[in-house]
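See structure below.
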Amino acid sequence: MSERITAVKGMNDIAPPDSAHWEWLEARVRALLARYGYRNLRTPIVEPLALFVRGLGEVTDIVEKEMYAFEDRLNGEQLALRPEGTAGVVRAVVEHNLLYDGPKRLYYMGPMFRHERPQRGRYRQFHQIGIEALGLAGPEADAEVIALAADLWAELGVQDVTLELNTLGQPAERAAHRQALIAYFEQHRDQLDADAQRRLYTNPLRILDTKNPAMQPLVEAAPKLLDHLGAASRAHFEQVCRLLDALGIGYRINPRLVRGLDYYHHTVFEFVTTSLGAQGTVCAGGRYDGLVAELGGKPAPGVGWAMGVERLLELLKAQQRLPAVPVPDAYAIVPDAAAWPQVLPTLRALRAAGVEVVMHASTADGLASMKAQFKKADASGARYALIFGADELDQGMVAIKPLREGVGPITEQQRRPLDQALSWAAELRAAR
Ligand code: ATP
Ligand code: MG
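In structure tokens form, the structure reads like this:
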């Protein structure tokens, strides 16, 4: 046997039965997005490296140390696996002039790539579902995107997710705050760790986001951006808060919430949970009014969020909110290979009528015994066995045998005509 090749570290296969939960979650989210008028945008997984350097900012964690960047060995282009979705969405919107007829509400779902240390809730390939509302400047759009996420938690029945909210103001206000921060941290240089020292002049805002416990008191007492906001920024933020109040959506204002990415303006927020250990942020987002212009488009505002699908699924699992994995309606038992010419067309007709039916087929060892087939039928979770035995086939019939009690209209073994599958298909589907 050849040596095995395994998946790249931090990149996971998603196999049944777990994959059913992924599909279930995606379908639930899609249905909710539709109710808010969101439409799907699918962008490439590989983008020019420059998109992320420009879109996220050179001194962000992602660009500095997490990006899968590489040179296309065939033509020397500098490329990257997308570490997040917003930059690609905005690139596509600018490239195809998607705002030509007004604002757009767009969503994406798919894998993202970051070279991080793999651990629970943190992977190198992970998945996000994200939304972007482009062309909408008012605080009601911020409230709407936040409400959409809050609706999702409510609908999925997840508990213990709290909303943290902050505003980053506008560039001039941030610049003034930045100067005040640098001055403050310079005064306390001896208390800065190596990371903070490095960031002092490049990205002092990120120091506020430190996870180092020793620096908490210092960071706690640092100058607050809220004190540097002008009237317009204040009004925007206050209106977001007022609208969330009107919606009955609770939040905590967290002045230290800064987000990792440079392109945020005004509102930023995170939905966090204590149920997932250290990786407790399930969904994060904010307003990024500078990004469209930064990527070469006619200036247009934007607001959105991205949620980590792995983290949300783990949360659902921890809170026992995942549905039972799907089972087929029926499992076809085929005692003798001579039956195939009747089995295949009958099952096909049933499937055309919407029945989910799995057939037992031969393996390298041939066709299993009836007993072994019944065991498989039972293990499949199917509610009925369809028995294509010689006795039944001779009379142009198939036997339906309920495999568990109280799961449908057929409560004891009965026969149905092979050539009229359409007429009894509904009985197999009923009471699902
Ligand atoms: P963190 O502080 O946990 O590193 P982040 O600020 O880097 O998060 P965002 O870029 O805002 O994360 O991404 C949005 C969401 O995507 C996160 O809130 C999280 O749920 C999820 N996410 C981010 N990075 C990872 C990862 N490496 N593995 C799994 N999920 C992730
Ligand atoms: Mg991160």
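Residue numbers for the sequence shown follow the working numbering, so the first one is 165 and each next one is one higher. In this text, a Cβ means the ideal position worked out from N, Cα and C, and glycines have one as well.
Proximity of residue i and residue j at Cβ, strictly below 8 Å
i    : j    : result
L332 : V404 : no
A546 : A594 : no
E458 : Y427 : yes
H392 : A344 : yes
V521 : A496 : yes
A256 : L220 : no
L189 : L567 : no
E308 : S397 : no
R423 : L320 : no
G299 : M276 : no
A297 : G466 : yes
M379 : A358 : no
Y348 : A386 : yes
L455 : V217 : no
L480 : V322 : yes
V436 : E569 : no
L582 : Q506 : yes
I413 : I293 : no
G450 : P282 : no
D500 : A554 : yes
Buried or exposed (CB count within 10 angstroms, at least 16 for buried), residue i
i    : result
Y202 : buried
K268 : buried
K238 : Note that residue 238 is Leu in the sequence shown, not Lys. When all chains shown are included, L238 counts as exposed.
I169 : exposed
N367 : buried
M273 : buried
P303 : buried
P487 : exposed
T224 : buried
Y548 : buried
D529 : exposed
G468 : buried
H429 : buried
R363 : buried
P335 : exposed
Q537 : buried
Y452 : buried
L389 : buried
A195 : exposed
A339 : exposed
L407 : buried
D306 : buried
A314 : buried
L205 : buried
A179 : exposed
L550 : buried
E434 : buried
Close-in-space but distant-in-sequence residues of the same chain around residue i (CB under 6 Å, 5 per side omitted)
i    : result
R278 : E230 and P247
P208 : none
A585 : T510, A513 and L514
Y200 : L312
I346 : P368
Contact set for residue i: own chain, Cβ-Cβ below 7 Å, skip 5 residues either direction
i    : result
T438 : D324 and G444
R623 : Outside the modelled stretch of the chain, which goes from 165 to 596, sits residue 623, for which no answer is possible.
A474 : Looking at the sequence provided, one finds Glu at residue 474 rather than Ala. These residues qualify, in order along the chain: G285, Y287, F290 and H291.
V491 : S544, G545 and A546
R342 : P368 and L369
A171 : D177
L245 : I209, V210, Y232 and F277
H352 : L382
V258 : V456, L459, G460 and G461
N376 : D357
Beta-carbon contacts of residue i that lie in its chain and below 8 Å, excluding the five residues immediately before and after
i    : result
E235 : E241, Q242 and L243
V383 : I371, L372, T374 and R420
W504 : V498
Presumed contact (8 Å Cβ cut-off) between residue i and residue j, rounded CB distance
i    : j    : result
I226 : N330 : Not quite, the Cβ-Cβ distance comes to about 20 Å (not below 8 Å), so this is no contact.
K535 : H524 : Not really, about 12 Å apart at Cβ, beyond 8 Å.
P573 : E556 : With 8 Å as the limit, P573 and E556 do not qualify as a contact, their Cβ atoms being about 20 Å apart.
L213 : I295 : The Cβ separation is near 25 Å, so there is no contact.
M471 : V446 : 6 Å
L316 : V193 : 7 Å
F552 : V498 : 5 Å
A464 : L263 : 6 Å
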